[in-house]
Amino acid sequence: MTDKTRLSADEWDEANFPRPAETEFDRVVERALSRRGFLGGVVALGSGAAAMGLGVLSPRAALASTTARFPFTPIDAQTDEAVHVPQGYRARVLARWGDALFSDAEGYDLAEGGPAAASDRIFGENTDGMESFAFRGHELIAVNHEYTNNDINLPAAQDGVPANAEDVLKLQNLQGVTVMEIAEDENGWSVVKDSPFNRRIHHNTPMVLAGPAAGHALLQTSADPEGLNPLGTLNNCGSGKTPWGTYLTCEENFNGYFGANGELPSDETLAAGYTRYGISAEGWGYDYHKWDARFDVAANPNEPHRHGWVVEIDPTDPQSTPVKHTGLGRFKHENAEVVLARDGRVVVYMGDDERGEFLYRFVSNGVYTPGGSTEGLLDDGQLSVARFNEDGTGEWLDLTPESTGMEMAEMLVFARTAGSRVGATTMDRPEWISVNPYAVEAYCCLTNNTRRGTRPNAGGDETPVGGPNPRAENQYGQIVRWFPHDDDHAAARFDWDLYVMAGNPAVHSDAYAGSPNVTAGNMFNAPDGMAFDSTGLLWIQTDGEDSNEGDFAGQGNNQMLAGDPVSGEIARFLTGPKGSEVTGLCWSTDRRTMFVGIQHPGGSWPDGSGLPRSSIVAVTREDGAMVG
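Take a look at the structure:
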């Protein structure tokens, strides 16, 4: 019997909700391959270079001119348990899992599992998305803690299984979000312990619901009959930052925290929603439902509907209450990239990180005015999903009661179902989205999809090969880019291309080798995190296979690369320790420090002994110049 607590989120979903092994896709795939000349490598050669965003740049020219745009010498792939950066740069640890944010949490004993009483007074585990803020001379960072490694947070004898309510409370406290003040002195950056801005937001923090679905029957529970005051934010993955200086934390794989101590609800609407979002009777190893009735869907069937949202946090006000914005839709959010339309309306791009799910956009009805009210700007507007056409064009399909046949609140709670009904394009796990600060264009990491062309998504939607998802059983991933018409992010239509297709040219000579800007010197797999810096460079972070064997031979550990949007060139800047994901990126106000997250490292990084500790590292140049 498979131990499901050791499975990834994708593997856990597949085990609980297996997709049909045989589908109608064979004919679809055959037509797509024939039409696009896929196996002949047309996407990677010749005219395909233009489709990859490289203009007339050939693979040889791309390799020869690498470093022309980058203020560093690219580094080689690495396979050890350390962080590597280019010559002339330095990486130092800023904060580690277990570091005290307050004096009363000093001495938290990681090796012994630590006490529940102090678990919300320390820097949490498994950092992910983060953003930096400057406020009245203070430097602040808000950072997500996506999940816990239960086997090292609970006593060893329990093998990662909670034994009581106190164990569950500790795990709940170690996840969520940290807001902290940081400061720099002659020894580098450090956390300002006991700063009034320091704050932990976790699975039990009071929240409020806002927007069209707030108060709806689907969000009401016995503890909150009004459906307006949920507790906690779960599985915080990517992030975002609003023009008015608040932090957006995004709830991703929330489904795994729920289970049932009895029969699952038989209501047809609830049952369909559970299937589409992956809610099952057994949890993902957290066992919350056995010790905390809130997570027992047999007792509280609507509790899962109160999670899977984008949550807004004011990092400058530790007394403020986080807000879950229902107008942005409920799904497995990766990040929330915020940009302004030409007329000042707020545009939010979002990806749903599961195989075969959709890319979303929200456009506010109201206009953002600096210093003006921001009420409703993240709720009162139009949510849409993307359709990518084979001819390089695309359109945003509005989700409305008329287009979906669903009432407004139900449409937002079950946004995936709404997207299926209007015919959105199934994507290869859309993760981080980033908007170019110097051009009206947006980029999205499609990290991988080994089910592409073989199995449908959780709603039964076909996942044919083609468009922005050009490879069957895609294990390497790609980055899609789109150009809104009229240079306006609120436009209904766009053109698109692929900025890069990751691959391994040392192993493959067909499309699985990657696009022309992928070479033996910069190859990678599973692009995940992504952000532009102030100079217009695109920083790409990976969360993929680091076995360095077989199809992944030579690719080494997960890494961070810099990409030039104009030439298409890509160069490796940082490698993480063996076993880690490189995720989360922001900068100090003076841009002389880059903060990078290292999640679930292996070995004993960063201390050299003891348990591995997810951390944030501060990367600086030895000459004191700006980093990005």
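First residue of the sequence shown? That's 522 in my numbering, and the numbers climb one at a time after it. Ideal Cβ placement from N, Cα and C applies to all residues, glycine included.
Out of T600, S1130, D919, the CA that lies nearest to the CA of G944 is found in D919. Counting only runs that start and end inside the region 985-1038, the beta strand (DSSP E) elements of at least 3 residues fall at 999-1005, 1014-1022. With respect to T968, R976 sits apart: the two C-beta atoms are not nearer than 9 Å.
Listed in chain order, the beta strand (DSSP E) runs fully inside the region 885-956 are 902-909, 914-919, 951-956, counting runs of at least 3 residues.
In the DSSP annotation of this structure, the continuous segment of the beta strand (DSSP E) that includes K762 starts and ends at 757-762. Checking the DSSP bridge columns, you'll see Y610 partnered with R1142.
When DSSP assignments are scanned along the region 781-849, the uninterrupted stretches of beta strand (DSSP E) that are 3 or more residues long and fall wholly within it turn out to be 831-834, 844-846. Sixteen is the threshold: when 16 or more other Cβ atoms of the shown chains lie within 10 Å of the Cβ of R876, as they do, the residue is buried. For Q1080, the uninterrupted beta strand (DSSP E) run begins and ends at 1080-1084, by DSSP.
The three-state reading of DSSP puts L739 in helix, counting H, G and I together. Here P1098 is buried: its Cβ has 16 or more other Cβ atoms, across all protein chains shown, within 10 Å.
Taking C-beta separations shorter than 6 Å and ignoring five residues to either side along the sequence, the partners of Y1033 in its chain run G1024, following chain order. When the alpha-carbon of R950 is set against those of D873, T895, E923, T890, the nearest one is in D873. Distance between E627 and Q608, taken at the CA atoms: about 36 Å. Taking every protein chain shown into account, the CB of T648 has 16 or more other CB atoms within 10 angstroms, so this residue is buried.
Counting C-beta atoms within 10 angstroms of its own C-beta, T770 has 16 or more neighbours from the protein chains shown and is therefore classed as buried.
Shown here, N776 sits in a helix according to DSSP, grouped into three states. Look at Q1076 here: in three-state DSSP terms it is coil, with no helix or strand label. By the Cβ criterion, the region 681-701 is in contact with the region 806-821, since at least three pairs of Cβ atoms, one from each stretch, lie closer than 8 Å.
When secondary structure is reduced to three states using DSSP, E667 falls in the coil class, being assigned neither helix nor strand. Residue range 697-706 is occupied by the beta strand (DSSP E) that includes D706. Sequence-distant Cβ neighbours of H605 in its own chain, meaning closer than 7 Å and more than five residues away, are I596, Q599, L1095, T1096. Per DSSP, reduced to three states, the secondary structure at G1042 is coil, with no helix or strand assignment.
Per DSSP, A857 is one residue of the beta strand (DSSP E) stretching across 854-861. Within the model, the alpha-carbon separation for K691 versus G634 is close to 9 Å. Linking E1143 to E707 through their CA atoms gives a straight-line distance of about 13 Å.
Inter-residue distance for G1123 and A1012 is about 45 Å (C-alpha atoms, whole angstroms). In this structure the region 727-742 lies against the region 922-933, because at least three pairs of beta carbons, one per stretch, are closer than 8 Å.
Straight-line spacing of the CA atoms in P676 and S640 works out to 15 Å. The beta carbon of V832 sits closer than 6 Å to the beta carbons of T754, T770, P843, K845 from its chain, once the five residues preceding and following it are set aside; these are given in chain order. Between G850 and L904, the C-beta gap is smaller than 9 Å, which places the two residues in contact. Looking at G892, T742, W830, the one whose alpha-carbon comes closest to that of P822 is T742. Spatial neighbours of H659 in its own chain (CB-CB distance under 6 Å, excluding positions within 5 residues in sequence) are listed in chain order as E702. Minimum Cα-Cα distance from P727 among the listed residues V713, L749, K714, P717 corresponds to L749. Per DSSP, the unbroken beta strand (DSSP E) holding E652 starts and ends at 648-656. Under the 8 Å Cβ criterion, the region 652-667 counts as touching the region 1103-1116, having at least three qualifying pairs.
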